[in-house]
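*Asks:*
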Amino acid sequence: MTNKIKDILKTHKYLLLSFFLPVLLLEGIAIAEKIQPFGSESFLIVDALHQYLPFFADYQEKLKSMDSMFYSFHAGLGYNFLGLWAYYLASPLNLVIALVSKSMLTMILSHLYVLKIALCCFTAAFYFRKRRGKDEISIVAFGMAYGLCSYMVGYSWNIMWMEVMMMLPLILYGIDKLIKEHDGRLYCFALFISLWCNFYMSYMICLFLILWYLLYPHKNIKEFFTNGFRFAGYSLLSGAMAAVVLLPAYLGIMQTSSAKLQFPKELWYGTFGNLFSRHFLGTTPLTMAVDDSKINLYCGILTLLMAGFYLAVREIRLIDKIRRLLLLVFLFFSFNMPVLGYIWHGFHDQYGIPNRYAFLYIFALLAMAYEGYCVLARGQRKISMGIYTSVILCGVLIEAAIQTVTVKMEMKTVYATLAAIIVYMACFGLYQKKILRKKVFTTLICFLFMIETVSMAVMGFQENGTVDTDDYFQDTKAITEVKKTYQKNVETRMELVSGRMLDESIWHTLNGMTLFGSTAQGNVVDMMDQLGFYTGVNEYLYEGATPFTNDLFSMKYQIYRPYDTKRTEFKLKESVGNVTVYKNTDQTALAYAMDNLVKTWDYQDYNPFYVQNDLAMSAFDVDELFHMIETKKPKLNDCKITSDNGDGEYVFKNSAADPDNMVFTIKSSKVRELYVHFDGSQVEHTVIEKNGEEILNGRLDSQIIYLGRQNKGDTIKIRMQLKQDDVMSGVVRLTAAELDEDVMKELAQRMQENAWELTSAKGNQLNGTINAQEDKTLFFSIPYDKGWKVKIDGKAVKTKALGKAFLTVKVPEGKHEVTLTYVSPGFKEGAVLSIVGFVIFLLILYLFRKKKISNIEQNSKENYDILRKETLPQNISGNNNKEE
1066 MTNKIKDILK THKYLLLSFF LPVLLLEGIA IAEKIQPFGS ESFLIVDALH
1116 QYLPFFADYQ EKLKSMDSMF YSFHAGLGYN FLGLWAYYLA SPLNLVIALV
1166 SKSMLTMILS HLYVLKIALC CFTAAFYFRK RRGKDEISIV AFGMAYGLCS
1216 YMVGYSWNIM WMEVMMMLPL ILYGIDKLIK EHDGRLYCFA LFISLWCNFY
1266 MSYMICLFLI LWYLLYPHKN IKEFFTNGFR FAGYSLLSGA MAAVVLLPAY
1316 LGIMQTSSAK LQFPKELWYG TFGNLFSRHF LGTTPLTMAV DDSKINLYCG
1366 ILTLLMAGFY LAVREIRLID KIRRLLLLVF LFFSFNMPVL GYIWHGFHDQ
1416 YGIPNRYAFL YIFALLAMAY EGYCVLARGQ RKISMGIYTS VILCGVLIEA
1466 AIQTVTVKME MKTVYATLAA IIVYMACFGL YQKKILRKKV FTTLICFLFM
1516 IETVSMAVMG FQENGTVDTD DYFQDTKAIT EVKKTYQKNV ETRMELVSGR
1566 MLDESIWHTL NGMTLFGSTA QGNVVDMMDQ LGFYTGVNEY LYEGATPFTN
1616 DLFSMKYQIY RPYDTKRTEF KLKESVGNVT VYKNTDQTAL AYAMDNLVKT
1666 WDYQDYNPFY VQNDLAMSAF DVDELFHMIE TKKPKLNDCK ITSDNGDGEY
1716 VFKNSAADPD NMVFTIKSSK VRELYVHFDG SQVEHTVIEK NGEEILNGRL
1766 DSQIIYLGRQ NKGDTIKIRM QLKQDDVMSG VVRLTAAELD EDVMKELAQR
1816 MQENAWELTS AKGNQLNGTI NAQEDKTLFF SIPYDKGWKV KIDGKAVKTK
1866 ALGKAFLTVK VPEGKHEVTL TYVSPGFKEG AVLSIVGFVI FLLILYLFRK
1916 KKISNIEQNS KENYDILRKE TLPQNISGNN NKEE
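Numbering of the sequence shown is given in the numbering used here, commencing with residue 1066 and proceeding in unit increments.
(1) Taking the alpha carbon of arginine 1250 as the reference point, which residue from His1283, Ser1300, Ile1270, Tyr1265 has its own alpha carbon closest?
(2) Which residue or residues does DSSP assign as beta-bridge partners of tyrosine 1771?
(3) Using a Cβ-Cβ cutoff of less than 8 Å, which residues in the same chain neighbour alanine 1465 once the five nearest sequence positions on both sides are dropped?
(4) Taking the alpha-carbon of lysine 1648 as reference, which of Arg1558, Tyr1178, Glu1380, Leu1701 has the nearest alpha-carbon?
(5) Taking the alpha carbon of leucine 1495 as the point to measure from, which residue in Ile1510, Lys1926, Ser1221 has its own alpha carbon closest?
(6) Report the rounded CA-to-CA distance for threonine 1751 versus arginine 1784, giving the unit in angstroms.
(7) Thinking just about the alpha-carbon of each residue, which of Thr1630, Leu1080, Glu1839, Val1505 is nearest to the one in glutamate 1759?
(8) How many Å lie between tyrosine 1252 and isoleucine 1236 at the Cα?
(9) Would alanine 1491 be called buried (16 or more neighbouring beta carbons within 10 Å of its own) or exposed?
(10) DSSP on tryptophan 1333, reduced to helix/strand/coil?
(11) Which full runs of the alpha helix (DSSP H) of 4+ residues lie inside the stretch 1315–1392, going along the chain?
(12) On the three-state DSSP scale, how would you describe serine 1846?
(13) Give the range of the beta strand (DSSP E) segment to which isoleucine 1760 is assigned.
(14) Excluding the 5 residues flanking aspartate 1779 on each side, which residues of the same chain have their C-beta closer than 7 Å to its C-beta?
(15) Quick check on alanine 1813: does DSSP put it in helix, strand or coil?
(16) Helix, strand or coil: how does DSSP classify asparagine 1940 here?
(17) Could you work out which residue in Phe1374, Ser1303, Met1231 is closest to valine 1440 when comparing CA atoms only?
(18) I'd like the list of long-range same chain contacts for isoleucine 1244, defined as Cβ closer than 6 Å, with 5 residues on each side in sequence excluded.
(19) Contact defined as beta carbons within less than 8 Å: I believe leucine 1680 pairs with valine 1808. What is the distance between those atoms, to the nearest angstrom?
(20) Buried or exposed: tryptophan 1030, going by 16 or more other Cβ atoms within 10 Å of its Cβ?
(21) Does the contact criterion of 3 or more C-beta pairs under 8 Å hold for the stretch 1138–1148 versus the stretch 1581–1589?
(22) Does DSSP put glycine 1417 in a helix, a strand or coil?
(23) Alpha carbon to alpha carbon, how far is phenylalanine 1743 from methionine 1593? Give it in angstroms, no decimals.
(24) Quick check on DSSP: helix, strand or coil for lysine 1181?
(25) In this structure, how does DSSP classify tyrosine 1278 when only helix, strand and coil are distinguished?
(26) Where does cysteine 1214 fall in DSSP's three states?
(27) In three-state DSSP terms, what is aspartate 1072?
(28) Since tyrosine 1252 is in the alpha helix (DSSP H), which residue starts that stretch and which ends it?
(29) When the distance is taken between beta carbons, is phenylalanine 1400 closer than 8 Å to tyrosine 1211?
(30) Look at the alpha carbon of methionine 1816 and the alpha carbon of threonine 1545, and state the distance between them as a whole number of angstroms.
(31) Between the alpha carbons of tryptophan 1222 and glycine 1298, how many angstroms are there, rounded?
(32) Going by Cα to Cα distance, which pick from Ile1182, Ala1183, Cys1185, Phe1207 is closest to arginine 1194?
(33) Taking methionine 1566 as part of the beta strand (DSSP E), name the residues at either end of that continuous run.
(34) Please give the ranges of any beta strand (DSSP E) in the stretch 1840–1926, keeping only runs that are unbroken, at least 3 residues long and fully inside the region.
(35) Using the C-alpha atoms, what's the distance from isoleucine 1931 back to asparagine 1944?
(36) Give every residue of the same chain whose Cβ lies closer than 8 Å to the Cβ of lysine 1947, excluding the five residues on either side of it in the sequence, and list them in chain order.
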């Protein structure tokens, strides 16, 4: 056994080094950055903190409780968990979270980063070893150039993408085997793993594979088509095997706001220099950017030199150079063409993470550069012309970038890049003068390449920054106690008034309303906006609630922290640790029987108070809930109103950004409960004062704000600071309203009289009873989803969407039992396809094995016959025949 291990280490030492060296490097960075357990910091930055970590917490709870994977009530009033799981959490490596406590989750995910990046280095090194045909230091250098490129470092917080990058080298080697050996097993399985782990990034790989295959050096037309059928067949098979994930994921993502096709109108983003300069040494990795033309491209200066060398040397066929160059040029132009970028991103906008497919370009460039390196490593000293041509080509490109760049570029990156080229050229000069032997020369430049890559990775992770888990999760224990005490079932909803993370309520697995994620349903986002909640393209937050919407959505408890300054209509319950619990005094339910007139509800008004009024009146036959308050024109400073519609909407132009560009004043003529709502895309900051004292500040637009009980003579001032940018104009729309408390009491009573009583809730099934005084519409405060099946008294009924957003069914007069069951759309069909796909794949494995055994037996028989003829003398053979 010991000898076998020694043989493995000897045979694969550089391949193993390509994994363990990045692990040591990244763990060293973790120690230096005080990442848990070496401190309290975490690599979970940007959306990894605000989205992915909370989703992992929900997933972990499901794994430990063996709860249904179809649905979760821990966000967004309820969501298709399988669809979200397929988008964020499907990697088998993530199952490790089931083995640890929640308190260790941030630490485990930080070190999963390390593992996944190291595996990217390993699979790339494996690909390069297969191309080179030997285990040597170069595969470590080029493998690390892929796994530690600026794309990987800058976007490493997108932990759910990493398996796709990990699989890319195996997929491409699988294509080699498919074409050269007619063996598509590795290609099929590697693509299946990629599709399973993240279908969105795998979509980009699939587009890339089509280009890769079309530009592959096929022997002839016949081979192109016959291999093409194999390529298509194995591709479809991998998709079928992953269908149980792909179909729910696809159907889920098609419900989002971003699923609406809207091709960009721009023809071009920027210049060649803006893009190519991102190759330079010292370029800071991007973690995110609003500008879609931004990109991470750095993957080593030696990569550029070897790519140029590939194009310059005669040892490589011209047609192969053209093929490689066409692919790179097309990808490079795609980065700068909005329409192509839109297609590459699955017909979606890029939303702050531009050019997500750049890893394909980087690997294609590295593959080309490695082919050049192999020629250099095999060749003689006569290839100096290729090196000089490469340096000249790089110099021309660098100069072109400097001349055409239109964004800020630090010249130190240019100097660092030129210095690196000079160092590599010096090594080549020593080799040419026979001071260095070839092996020493190639080892030296690979060693320098690794230093270059490692230095950039260290700098990149330092620039990325970390988050202090003590700051973000200090209240976890207290909120867990609150949850245990008050969250009895899915009907008991509770929310954090101000989360430290956008999805913090999901982190605590509260039955909440907040949801920030790429799978948020577009129709629900639109509806929450109409009702006065804060929303974004893929988010709706518990910011903007009123007594009516709290009752409607069964919001029973609010959790406050000491620094929260927002008012609440709820009553103080108790303090637990550093948080305070407030309770809704109204009785609430998960569903209500509404008058059928609710079908006429006008929910498309820009004024959320009108929208709520119309819902209350049409559903429960009450009077006007909110009374509008007339507001005067704002006082202006460095701002001019160019249009006024007389209903609180003002079109403006501003010449500067001042704390009081616009100041609205609302003076109370009586005691009342006051609410305001304003929209203003150009509003940078807002301060709200009551009688001269600041009560709220920050980003307060696009949501209803409760300003508390006002006494006669109280004065509210709303000070808006406008943005100072290229626009310097926009629209502000402000509405103030008074809550009619008597109508609210009557509304709460009628809602209680028509409440659905939840009797049991288990996994993806809810049971309850309703006593309808007449034929009504049963409204569930659950997002409408075709996965929900409803039965009344055991009989299936048709579901409909109220306002395109909420689940409803018709319920006849009388007392009835209502059962809801959820199965993610596409799961059943996907499961069937996956089973069929795996059966076919296993059959293919069996046939290959059978063929291999047959070939071994045939070869053994032929070898035996040859050996027999060579060892047996002819006369002995003849004598035996005579005796017989």
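Using N, Cα and C, we set each Cβ at its ideal position, and we do this for glycine too. Please read all numbers here as calculations on a predicted model, not as lab measurements.
*Replies:* Taking the definition as stated:
(1) With distances taken between Cα atoms, arginine 1250 lies closest to Ser1300.
(2) Tyr1740.
(3) Close CB contacts of alanine 1465 within its chain, under the 8 Å cut and outside five residues either way in sequence, are with Phe1337, Gly1338, Phe1341 (chain order).
(4) Comparing Cα positions, the closest option is Arg1558.
(5) Comparing C-alpha distances from leucine 1495 to each of Ile1510, Lys1926, Ser1221 shows the shortest one belongs to Ile1510.
(6) Note on geometry: alpha-carbon atoms of threonine 1751 and arginine 1784 lie some 6 Å from one another.
(7) Taking glutamate 1759 as reference, the option from Thr1630, Leu1080, Glu1839, Val1505 with the minimal CA-CA separation is Thr1630.
(8) Cα-Cα distance, rounded: 5 Å.
(9) Classification of alanine 1491: exposed, given that the 10 Å Cβ count is below 16.
(10) Reduced to three states, the DSSP call for tryptophan 1333 is coil.
(11) Within the stretch 1315–1392, the complete alpha helix (DSSP H) runs of at least 4 residues are 1337–1341, 1366–1377.
(12) Collapsing the DSSP output to three states places serine 1846 in a strand.
(13) Counting along the chain, the beta strand (DSSP E) containing isoleucine 1760 begins and ends at 1758–1763.
(14) Counting only Cβ-Cβ distances below 7 Å, and skipping sequence neighbours, we find Ser1733, Lys1755, Asn1756.
(15) Three-state result, alanine 1813: helix.
(16) Residue placement at asparagine 1940 is poorly supported in this model, since its pLDDT is 49, which falls under 50; the coordinates still yield a value, given next. Looking at asparagine 1940 - three-state DSSP - the assignment turns out to be helix.
(17) Phe1374 is the residue among Phe1374, Ser1303, Met1231 whose C-alpha sits nearest the C-alpha of valine 1440.
(18) Once the five neighbours on either side are set aside, the close Cβ partners of isoleucine 1244 are Asn1292.
(19) At roughly 13 Å, the Cβ-Cβ gap does not stay under 8 Å, so leucine 1680 and valine 1808 are not in contact.
(20) Limits of the chain in this structure are 1066 at one end and 1949 at the other, which puts residue 1030 out of reach.
(21) Inter-segment contact for the stretch 1138–1148 and the stretch 1581–1589 is present: three or more beta-carbon pairs are separated by less than 8 Å.
(22) Coil.
(23) Each residue's alpha carbon lies about 15 Å from the other.
(24) Of the three classes helix, strand and coil, the one that applies to lysine 1181 here is helix, per DSSP.
(25) Tyrosine 1278: helix per DSSP, three-state reduction.
(26) The three-state reading of DSSP puts cysteine 1214 in coil, since its state is none of H, G, I, E or B.
(27) Three-state DSSP puts aspartate 1072 in a helix.
(28) That run of the alpha helix (DSSP H) goes 1250–1262.
(29) No, the Cβ-Cβ distance between tyrosine 1211 and phenylalanine 1400 is not below 8 Å.
(30) Computed Cα separation, rounded: 30 Å.
(31) Put simply, the backbone Cα of tryptophan 1222 is about 34 Å away from that of glycine 1298.
(32) Among Ile1182, Ala1183, Cys1185, Phe1207, the Cα nearest to that of arginine 1194 belongs to Phe1207.
(33) No beta strand (DSSP E) holds methionine 1566; DSSP gives it neither H nor E.
(34) Secondary structure in the stretch 1840–1926: the beta strand (DSSP E) runs of 3 residues or longer, each lying completely within the stretch, are 1841–1848, 1853–1857, 1860–1862, 1865–1867, 1871–1876, 1879–1887 in chain order.
(35) The predicted model places asparagine 1944 with a pLDDT of 46, which falls under 50 and marks its position as unreliable; any figure quoted below should be read in that light. Computed Cα separation, rounded: 20 Å.
(36) The predicted position of lysine 1947 is uncertain, since its pLDDT is 40 and thus under 50; a value taken from the coordinates is nonetheless stated next. Cβ neighbours of lysine 1947 within its own chain (closer than 8 Å, five residues either side excluded): none.
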